[in-house]
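Single-structure report; data block below.
Residue numbers (our numbering), protein chains in the order written: chain A, 1 to 218; chain C, 1001 to 1215.
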């Protein structure tokens, strides 16, 4: 094993890691928002919407992320939807994550007792206010640990988007090993970076969740 | 350019899907065997063996599968082993599966009341007998749903082996796409084939879960 190439490669690795962090940050925000809408629509929407969301969840959950990514990046242009690699990656990751978190958020919404909604309605709040101010915060607190795991899983899954030439961590590793001919060492270093990222991300989410959602978040 | 009819594409994809199925089965069986060994370490009385097993599991659950496959593919030749994509794919997915299966089964062992161990001991069984006759059968029974759920995840994960050059469904579809320039159709069909493999298992896992919670 030889690591003489490492000092010169640190900048590339850092840039790749920054793109990975960017990808997961955007996906987390968009995916969580989409899954709140999806979970609410699946419970209170018209029958057609409920079925559509149900099938969307099943299709995404039963096909590989890599195939979804290729379908969006290579397949959609024939429908006239052309996305650049970074945008295609974000769309694919968001759609993938939302399919898992819709079920998680839904379980959280079901866990809030109906009495909470009734009490809020009887205080004169409008249905939308009841959902946003009363039900949703309690639901998010219940599901926060599951949501955290899903975000970390998605971060690890994002390694795959190197395959459509998004310049994230794995892509930088591919470029580095082609230059240094030190494939094993390069991937070993990058794997350690991924491990550090996933541990840091988990810790950040737990402490952030404690601050925003209050005690009892683990 | 070679002319591909729709049926040529479907036939080629279905033939390639054999390898996806075979790889999934090999990794599931291999992962089950290695996972059982990891489980033994994970629930042992010795603190160090528990810590090593936890570290092993955390390592595989905290890094991307793609990196694990790359390390297999480029690392094993450094140990002097000649390695082909198939070997790297099976070994990589086996270790990946072993970590997840060990963790799933560990949750089953933890869910059993301690009285089960005490009862086994009071019947005069030694540790391995207790595990074999009392603890593991119950732990497997209550974790059947997540185990099937993980099988679905494993089938989907085989798609990544296309990147290290194993000729399964996705790699074949890339080749067909390069010849036909019909990505919408080709990747749509690939998704459909994966769905046909995974959806019945997902339904089965859900039925098991319902049965478990009804009990």
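Think of the CB as a built atom: it goes at the ideal place given N, C-alpha and C, for glycine as much as any other residue.
To the nearest angstrom, how far is the alpha carbon of residue i from that of residue j?
{"i": "residue 221(A)", "j": "residue 157(A)", "result": "In the structure as shown, chain A begins at 1 and stops at 218. Residue 221(A) is therefore absent and cannot be evaluated."}
{"i": "residue 202(A)", "j": "residue 1043(C)", "result": "25 Å"}
{"i": "residue 1154(C)", "j": "residue 1104(C)", "result": "14 Å"}
{"i": "residue 184(A)", "j": "residue 37(A)", "result": "43 Å"}
{"i": "residue 1173(C)", "j": "residue 1065(C)", "result": "21 Å"}
{"i": "residue 237(A)", "j": "residue 59(A)", "result": "Summary: the structure shown does not reach residue 237(A), with chain A confined to residues 1 through 218, and so no result is reported for it."}
{"i": "residue 51(A)", "j": "residue 1118(C)", "result": "50 Å"}
{"i": "residue 1197(C)", "j": "residue 5(A)", "result": "44 Å"}
{"i": "residue 1139(C)", "j": "residue 1053(C)", "result": "18 Å"}
{"i": "residue 120(A)", "j": "residue 1055(C)", "result": "47 Å"}
{"i": "residue 70(A)", "j": "residue 1082(C)", "result": "31 Å"}
{"i": "residue 1040(C)", "j": "residue 1049(C)", "result": "9 Å"}
{"i": "residue 1085(C)", "j": "residue 1164(C)", "result": "6 Å"}
{"i": "residue 1003(C)", "j": "residue 1009(C)", "result": "10 Å"}
{"i": "residue 1088(C)", "j": "residue 1127(C)", "result": "36 Å"}
{"i": "residue 1158(C)", "j": "residue 1023(C)", "result": "7 Å"}
{"i": "residue 137(A)", "j": "residue 93(A)", "result": "25 Å"}
{"i": "residue 132(A)", "j": "residue 126(A)", "result": "10 Å"}
{"i": "residue 1136(C)", "j": "residue 40(A)", "result": "40 Å"}
{"i": "residue 1005(C)", "j": "residue 1132(C)", "result": "55 Å"}
{"i": "residue 1180(C)", "j": "residue 85(A)", "result": "22 Å"}
{"i": "residue 1167(C)", "j": "residue 79(A)", "result": "29 Å"}
{"i": "residue 146(A)", "j": "residue 1012(C)", "result": "40 Å"}
{"i": "residue 1125(C)", "j": "residue 1134(C)", "result": "10 Å"}
{"i": "residue 1047(C)", "j": "residue 96(A)", "result": "39 Å"}
Taking C-beta to C-beta, are residue i and residue j nearer than 7 Å?
{"i": "residue 75(A)", "j": "residue 1183(C)", "result": "yes"}
{"i": "residue 1176(C)", "j": "residue 1186(C)", "result": "yes"}
{"i": "residue 31(A)", "j": "residue 98(A)", "result": "yes"}
{"i": "residue 108(A)", "j": "residue 142(A)", "result": "yes"}
{"i": "residue 16(A)", "j": "residue 172(A)", "result": "yes"}
{"i": "residue 1102(C)", "j": "residue 1030(C)", "result": "no"}
{"i": "residue 1016(C)", "j": "residue 1160(C)", "result": "no"}
{"i": "residue 1062(C)", "j": "residue 195(A)", "result": "yes"}
{"i": "residue 1099(C)", "j": "residue 1149(C)", "result": "no"}
{"i": "residue 9(A)", "j": "residue 197(A)", "result": "no"}
{"i": "residue 1130(C)", "j": "residue 1115(C)", "result": "no"}
{"i": "residue 155(A)", "j": "residue 72(A)", "result": "no"}
{"i": "residue 57(A)", "j": "residue 102(A)", "result": "yes"}
{"i": "residue 62(A)", "j": "residue 1195(C)", "result": "yes"}
{"i": "residue 89(A)", "j": "residue 166(A)", "result": "yes"}
{"i": "residue 187(A)", "j": "residue 1071(C)", "result": "yes"}
{"i": "residue 1067(C)", "j": "residue 191(A)", "result": "yes"}
{"i": "residue 996(C)", "j": "residue 1060(C)", "result": "Nothing can be reported for residue 996(C), as the shown portion of chain C is limited to 1001 through 1215."}
{"i": "residue 1045(C)", "j": "residue 64(A)", "result": "no"}
Any heavy atom of the ligand ZN closer than 6 Å to the Cβ of residue i?
{"i": "residue 89(A)", "result": "Of ligands this structure carries none, so the ligand ZN is not represented either."}
Within the 7 Å Cβ cut-off, does residue i reach chain A?
{"i": "residue 1056(C)", "result": "no"}
{"i": "residue 1187(C)", "result": "yes"}
{"i": "residue 1200(C)", "result": "no"}
{"i": "residue 1088(C)", "result": "no"}
{"i": "residue 1148(C)", "result": "no"}
{"i": "residue 1072(C)", "result": "no"}
{"i": "residue 1121(C)", "result": "no"}
{"i": "residue 1156(C)", "result": "yes"}
{"i": "residue 1010(C)", "result": "no"}
{"i": "residue 1021(C)", "result": "no"}
{"i": "residue 1183(C)", "result": "yes"}
{"i": "residue 1040(C)", "result": "no"}
{"i": "residue 1191(C)", "result": "yes"}
{"i": "residue 1075(C)", "result": "yes"}
Give the residues of chain C in contact with residue i, contact being defined as C-beta atoms less than 7 Å apart.
{"i": "residue 159(A)", "result": "1064, 1066, 1067"}
{"i": "residue 21(A)", "result": "Simply none; closest approach about 14 Å."}
{"i": "residue 188(A)", "result": "1071"}
Using a beta-carbon distance below 7 Å, is residue i in contact with chain C?
{"i": "residue 195(A)", "result": "yes"}
{"i": "residue 149(A)", "result": "no"}
{"i": "residue 181(A)", "result": "no"}
{"i": "residue 144(A)", "result": "no"}
{"i": "residue 259(A)", "result": "This structure cannot speak to residue 259(A), because chain A is shown only from 1 to 218."}
{"i": "residue 75(A)", "result": "yes"}
{"i": "residue 207(A)", "result": "no"}
{"i": "residue 3(A)", "result": "no"}
{"i": "residue 32(A)", "result": "no"}
{"i": "residue 70(A)", "result": "yes"}
{"i": "residue 156(A)", "result": "yes"}
Just to make sure I have the definition right: I need the residues of chain A whose C-beta is within less than 7 Å of the C-beta of residue i. Which are they?
{"i": "residue 1159(C)", "result": "64, 66, 67"}
Could you list which residues in chain C have their beta carbon closer than 8 Å to that of residue i, in chain order?
{"i": "residue 78(A)", "result": "1182, 1183, 1184"}
{"i": "residue 27(A)", "result": "Ordered by position in chain C, no residue passes the 8 Å Cβ test against residue 27(A), which lies about 15 Å from the chain."}
For residue i, go through chain A and note every residue whose CB falls closer than 9 Å to its CB, in chain order.
{"i": "residue 1194(C)", "result": "62, 63, 64, 67"}
{"i": "residue 1152(C)", "result": "61, 62"}
{"i": "residue 1178(C)", "result": "Per Cβ cutoff of 9 Å: no residues; residue 1178(C) is ~10 Å from chain A at best."}
{"i": "residue 1034(C)", "result": "Within chain A, no residue comes near residue 1034(C); the closest Cβ sits about 19 Å away, beyond 9 Å."}
Please give me, in chain order, every unbroken run of the alpha helix (DSSP H) with length at least 4 that falls completely inside the stretch 1060-1144 of chain C. 1065-1075, 1085-1111, 1114-1122, 1127-1130, 1136-1142, all fully within the stretch 1060-1144 of chain C.
Could you give the uninterrupted runs of the alpha helix (DSSP H) lying entirely in the stretch 1-70 of chain A, keeping only those of 4 residues or more? 6-44, 47-61, 65-70
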